[in-house]
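For the sequence shown, UniProt numbering gives the first residue as 1, with consecutive numbering after it.
Structure first, then comments.
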Amino acid sequence: MAIKDLANGRGAVASDTSGGGGDVKAHFVFIPLMFQGHLIPAVDTALLLATHGALASIVVTPSNAGRVRPAVDASQKSGLHVRLLVLPLDLAAEGLPDGADDVDKVPPDLWTNYFRALARLAAPLERRLRSDSDAAAKPYPTCVVADFCHPWARELAANLGVPRLTFFSMCAFCLLCQHNVERFEAYAGVADDNELVVVPGLEKRFVVSRAQAPGFFRGTPGFEKFGDDVEEVLTQADGIVTNSFLEMEPEYVAGYAAARNMKVWTVGPVSLYHHRRAATTVAARGNTAAIAADECLRWLDGKEPSSVVYVSFGSIAHAAAKQVVELGLGLEASGHPFIWVVKNADRHGDDVTEFLRELEERVAGRGLLIRGWAPQVLILSHAAVGGFVTHCGWNSTMEAVAAGLPVVAWPHFADQFLNAKFAVEVLGIGVDVGVTEPVIYRMDQKEIVVGREAVEEAVRSVMDGGEEREERRRRARALAAKARAAVEEGGSSHGNLLDLIKTFGVGAGCLATA
């Protein structure tokens, strides 16, 4: 890649008292995708860079500002240079209803409109960054860090005259598998979306289907050109930042860097930023929890070490009514204490509401149902928790890794199938519940239900005794130790954060990419 001047030599730093700060070493402008699984790790990465002397400006829409403001405010109070840039979406211009800057309120048939509305942020964001700098209120940006779903950030960075990094809230294994499947046309001539093919270009043999790993925005009606734009813009980035750590997947980090011919900075697990914070701050990470931190901790404090299984399927997936019942009965039959995050139970009608009420009565003291957002990092890091039933979103998978927990892998869509494969087949810390095709974001809306017996068996496989279970736990604990070492001084992720600031900081002069 070419050598690119940094901000045309601009980088004078002015004093500031509202999160901008004086004498900052770099100014990173983070543009997350406004989905929780993308937004949360991007904010955590911004906060980590701020701990090393950078200014981090985080772009959010109004509905998302409240979700991350507690973490940002707490970091500002501790002296970090971090701020939110709150910019509204022009909803009317793209035919979106009021409130649709909250992704939960975007109608399914208007997703292409939503992404076009996001692209409209480019001009007002550029004006805001320039006016801040011209007013000497903030240092001029030295780098744009944009989620891979924002191809429009290429023009923004070019107009500002600064480098652009692509942010992935995913592991290198997933990225390399997706890249190789597309690069080597692994699905050529394969008519059945559920037919398994070997992922090409890897030393170890892994099989996937088009349904499990279609490629980013591939096969989604209306997103054909968008998927091409994402790929083209990614090839022109000045590097990649991921929420992973080198010691966990060195061969896949190296493989993806070689395949893309650019440097990959692993900076995770970024959730560990919060492990030294107060419980109330950790509980507010990403959203306001539906249970008080103290109440949650009191319940966990009353349980034996490693006895509780935690169950959550992230911020997007919503189980069908029949699946809610089967999952609840399976958890009950497992005999283990459990915390179950139940989202939008009221969508399923009176029968499910009544089932959950009766279940709570039967498992009183043994089962805790949280209706809404849960303080996940707080829960996973508690000594009473011994396993995690997860959709294998990468955020949740990394939080399990950081906590040293084995997982029951229950993927729902997108990268979750590759993440599940990584946890089970590469890391050896997971048990597969048996789901082989996506249940959401598909055209046929096929019903795929995991029965109560399968749920019970999967929970017992990670929670009950036995040598296989203990070996899985040993691997999980060893991996957690490596994760903690990675973010500490001298660790790989710690060093990569410092290298990012050195490479893209004030006075760096130019960027020489690999």
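Every residue gets a Cβ at the ideal spot worked out from N, C-alpha and C, and that includes glycine.
Note that the coordinates shown come from a computational prediction; the quantities given were computed from them, not determined experimentally.
If we count the other Cβ atoms within 10 Å of its Cβ and call it buried at 16 or more, is residue i buried or exposed?
i	result
V408	buried
K138	buried
E489	exposed
G386	buried
N113	buried
N8	Note on N8: pLDDT 38, under 50, position unreliable in the model; no value is reported.
V72	buried
G21	Here G21 scores only 48 on pLDDT, less than 50, and its place in the model is too uncertain to base an answer on.
G505	buried
S75	buried
T266	buried
G466	exposed
T397	buried
K322	exposed
G11	Confidence at G11 is low in this model, with a pLDDT of 37, below 50, so its placement is unreliable and no value can be given for it.
S15	In this predicted model, S15 has a pLDDT of only 29, less than 50, meaning its place in the structure is not dependable; the value taken from the coordinates is given anyway. So S15 counts as exposed.
N395	buried
P108	exposed
T235	exposed
N194	exposed
G302	exposed
P124	exposed
P141	buried
G328	buried
D132	buried
A480	buried
D464	exposed
M443	Its pLDDT being 40, under 50, M443 is placed unreliably by the model, and nothing is read from it.
Assuming residue i and residue j are in contact, meaning their beta carbons sit under 8 Å apart, how far apart are those beta carbons, in whole angstroms?
i	j	result
V207	F148	No, V207 and F148 are not in contact; Cβ-Cβ is about 25 Å, not under 8 Å.
Q416	E399	Their Cβ separation, rounded to whole angstroms, is 14 Å, which puts Q416 and E399 out of contact at 8 Å.
S334	E182	Between E182 and S334 the Cβ distance is about 40 Å, and since that is not below 8 Å, they are no contact.
V199	N180	6 Å
A454	G434	6 Å
A319	F313	7 Å
residue 564	F217	Residue 564 cannot be examined here, being either before or after the span of the chain that is shown, 1 to 514.
Report whether the distance from the Cβ of residue i to the nearest heavy atom of the ligand COA is below 6 Å.
i	result
G268	In terms of ligand content, the structure shown is empty, and the ligand COA therefore cannot be addressed.
Measuring alpha carbon to alpha carbon, tell me which of the options ends up nearest residue i.
i	options	result
V401	P411, L427, L378 and D415	L427
C143	S131, D132 and L156	L156
A293	D350, G365 and H382	H382
R366	W299, H412 and P411	W299
A374	A458, V342, V181 and E468	V342
S307	V433, S461 and F413	S461
W340	V459, R120 and A454	V459
K482	A65, A254, M248 and D102	M248
C296	L378, F216, P88 and E224	L378
L196	D499, T436 and R474	T436
V190	S209, L110 and A259	S209
E304	R127, H336, G349 and R472	H336
L33	P151, R130 and H52	P151
S78	L96, H52 and R67	H52
What does DSSP give as the partner residue(s) for residue i in the beta ladder?
i	result
F388	Y310 and V407
D147	F167
I31	A146
D432	A409
G367	F338
I58	F30 and L84
T45	T45 is not bridged to any residue.
W265	V241
V198	V207
Is the separation between the beta-carbon of residue i and that of residue j shorter than 7 Å?
i	j	result
Y256	A172	yes
G268	S493	yes
A46	F30	yes
D451	E360	First, the residue type needs correcting, since residue 451 is Gly and not Asp in the sequence shown. No, these two residues do not count as a Cβ contact at 7 Å.
V241	L165	yes
A122	E94	no
V389	V311	yes
F28	A56	yes
F167	V145	yes
C177	N419	no
V352	V309	no
P438	A211	yes
D102	S63	yes
residue 515	H81	The structure shown does not extend to residue 515, since the chain is modelled only from 1 through 514, so no value can be given for it.
A188	I501	no
A476	L405	yes
R371	A478	no
L85	V59	yes
S244	H38	no
V68	L272	no
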